[in-house]
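In the numbering used here, the protein residues as written are 6 to 419.
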Ligand code: NAD
């Protein structure tokens with residue numbers, strides 16, 4: 006985790022405000038989260054003892070619609086990180102032109118040390134504590150690091166029990182049995198690959214046979230490696246928290262997935278050479294995709310990266326210093342708020358279907374995802390070319406302008 010991602014986001018906001026001549030009042034409003042709820046989460050542990058965890062739910066801005074953003078369970082999570090992630094959601098939903106604002110939640114805990122029962126009690130009590138902020142028209146959580154469909158199902162059940170009605174649209178990324186969608190799980194990875202195709206095309210680079218490195222092999226990195234391979238790329242290195250594996254000729258991604266499912270890690274996969282997880286960014290390639298935690302590409306790493314293109318699947322994987330180095334070196338970066346927005350876009354489709362009470366026909370969500378990603382990429386690319394700005398700066402500019410316009414037409418209450 007970057008030590009001060011929130012300060013970095015304020016920097017991106019300041020640049021964007023200059024680029025689009027944002028109303029200074031709107032800028033001031035975006036410099037503070039609209040709501041920050043800190044909760045204490047007491048949990049009865051299996052051995053009879055009591056542990057008290059700390060959790061947060063933050064609304065950064067809800068001018069354009071209900072708060073949208075994931076819930077993260079991680080030992081390093083803190084309120085500044087959650088606030089930064091919530092702000093990124095404001096700008097992500099805006100750049101994608103989805104009718105949502107930005108929110109995020111987190112509980113400081115190490116879920117690998119919790120039993121299933123402890124995890125469920127923690128999830129339900131946390132949900133109960135943040136309940137005043139939740140609801141389909143207020144704030145709609147989704148999975149993030151170390152949370153999944155099972156956690157979302159407990160969350161939906163807790164909200165539904167409390168309100169006395171089944172509220173499927175209270176959360177996205179749910180299991181299919183309670184209104185989830187087949188497209189959600191792969192939505193982020195699919196969107197990353199769509200952005201990769203678009204940026205390679207704009208740069209005049211063929212995608213087939215090019216080498217890709219993926220950091221992280223979780224809910225995003227796992228399917229992503231597979232999709233890159235299916236697109237004809239050679240996935241030459243993959244890492245996770247426990248290690249990394251490389252193969253110049255391209256890893257057998259299906260074999261690697263089977264191995265990781267069995268062993269819980271890519272480390273030790275026999276179809277490649279083992280390397281240190283920290284060295285994965287030094288592997289020669291044309292494309293780097295960080296899909297783990299934030300702060301992975303600092304100035305030092307940025308100087309070592311040999312790729313021409315970085316597509317940010319993780320949230321905040323590049324520090325502001327790292328970003329400056331990449332910019333100076335002419336490496337093209339597709340920023341997180343655009344590149345990984347396939348996840349929130351798929352969430353929007355799930356929420357919309359739950360609210361409509363009708364499941365869309367097969368293929369409709371995938372086609373809409375393609376159009377939404379492609380249009381957003383094209384807009385950001387065009388803005389960056391016209392104004393001679395990096396893709397990150399262009400994406401923030403478009404997003405900030407949209408939020409500013411929404412604030413302007415809604416006015417200030419009271
Ligand atoms: P996850 O918990 O499923 O997977 C995280 C992966 O990163 C794991 O493979 C883990 O081993 C690896 N990892 C952790 N620390 C590492 C390190 N130091 N070096 C190498 N690998 C490391 O999480 P996820 O849902 O795949 O999310 C990954 C990133 O994508 C996060 O930044 C998240 O905010 C972002 N994101 C996720 C979604 C989504 O739909 N899940 C959507 C948008 C953005």
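For every residue, glycine included, the Cβ atom is placed at its ideal position computed from N, Cα and C.
On a predicted model such as this, the values are computed, not experimentally measured, just so you know.
Straight-line CA distance for residue i to residue j?
i: residue 414; j: residue 84; result: 30 Å
i: residue 278; j: residue 251; result: 5 Å
i: residue 353; j: residue 103; result: 7 Å
i: residue 106; j: residue 75; result: 12 Å
i: residue 161; j: residue 310; result: 42 Å
i: residue 6; j: residue 298; result: Its pLDDT being 39, under 50, residue 6 is placed unreliably in this model, and the coordinates cannot settle the point.
i: residue 381; j: residue 195; result: 14 Å
i: residue 137; j: residue 31; result: 26 Å
i: residue 394; j: residue 130; result: 45 Å
i: residue 259; j: residue 222; result: 12 Å
i: residue 112; j: residue 158; result: 17 Å
i: residue 179; j: residue 321; result: 25 Å
i: residue 255; j: residue 219; result: 12 Å
i: residue 305; j: residue 167; result: 49 Å
i: residue 73; j: residue 149; result: 12 Å
i: residue 276; j: residue 270; result: 14 Å
i: residue 313; j: residue 396; result: 14 Å
i: residue 392; j: residue 405; result: 15 Å
i: residue 378; j: residue 343; result: 8 Å
i: residue 371; j: residue 212; result: 21 Å
i: residue 41; j: residue 209; result: 45 Å
i: residue 373; j: residue 367; result: 11 Å
Got a sec? Which residues, its chain only, sit under 7 Å from residue i by beta carbon, not counting five neighbours each side?
i: residue 115; result: 80
i: residue 39; result: 64, 65, 66, 67
i: residue 50; result: 56, 123
Verify the contact flag: residue i, CB atom, against every heavy atom of the ligand NAD, threshold strictly below 7 Å.
i: residue 78; result: no
i: residue 193; result: yes
i: residue 213; result: no
i: residue 109; result: no
i: residue 1; result: Because residue 1 is not part of the residues shown, which for the chain are 6 to 419, the question remains open.
i: residue 245; result: yes
i: residue 267; result: no
i: residue 148; result: yes
i: residue 256; result: no
i: residue 287; result: no
i: residue 217; result: no
i: residue 102; result: no
i: residue 297; result: yes
i: residue 74; result: no
i: residue 427; result: Absent from the structure is residue 427, since the part of the chain shown begins at 6 and ends at 419.
i: residue 359; result: no
i: residue 154; result: no
i: residue 220; result: yes
i: residue 282; result: yes
i: residue 240; result: no
i: residue 327; result: no
i: residue 223; result: yes
i: residue 273; result: no
i: residue 185; result: no
If I'm right that residue i touches residue j with Cβ under 8 Å, what's the distance once you round it to whole angstroms?
i: residue 359; j: residue 173; result: 4 Å
i: residue 108; j: residue 89; result: Incorrect: roughly 12 Å between the Cβ atoms, too far for contact.
i: residue 410; j: residue 186; result: Actually they do not touch by this definition, with Cβ atoms about 30 Å apart.
i: residue 152; j: residue 78; result: 6 Å
i: residue 323; j: residue 302; result: 4 Å
i: residue 110; j: residue 60; result: 7 Å
i: residue 350; j: residue 101; result: 6 Å
i: residue 296; j: residue 226; result: 4 Å
Tell me residue i's beta-bridge partners as DSSP assigns them.
i: residue 245; result: 248
i: residue 239; result: 216
i: residue 107; result: 66, 73
i: residue 46; result: 58
i: residue 144; result: 72, 140
i: residue 134; result: Answer is none; residue 134 lacks a bridge partner.
i: residue 375; result: The partner list for residue 375 (beta bridge, DSSP) is empty, contrary to what the question assumes.
i: residue 41; result: 63
Which residues in the same chain as residue i place their Cβ atom closer than 8 Å to its Cβ, once the five residues preceding and following it in sequence are excluded?
i: residue 36; result: 15, 18
Within the same chain, show all residues whose beta-carbon is closer than 6 Å to that of residue i, passing over the 5 residues directly before and after it, in chain order.
i: residue 8; result: Only weak support exists for where residue 8 lies, its pLDDT of 49 falling under 50; the value from the coordinates is given anyway. Nothing listed; no residue qualifies.
i: residue 216; result: 239, 241, 290, 291
i: residue 143; result: 71
i: residue 272; result: 247, 248
i: residue 67; result: 106
i: residue 201; result: 316
i: residue 132; result: 160, 163
i: residue 235; result: none
i: residue 331; result: 307, 338
So is residue i in contact with chain B if we call contact Cβ pairs under 8 Å?
i: residue 88; result: Absent from the structure is chain B; it holds one protein chain and no more.
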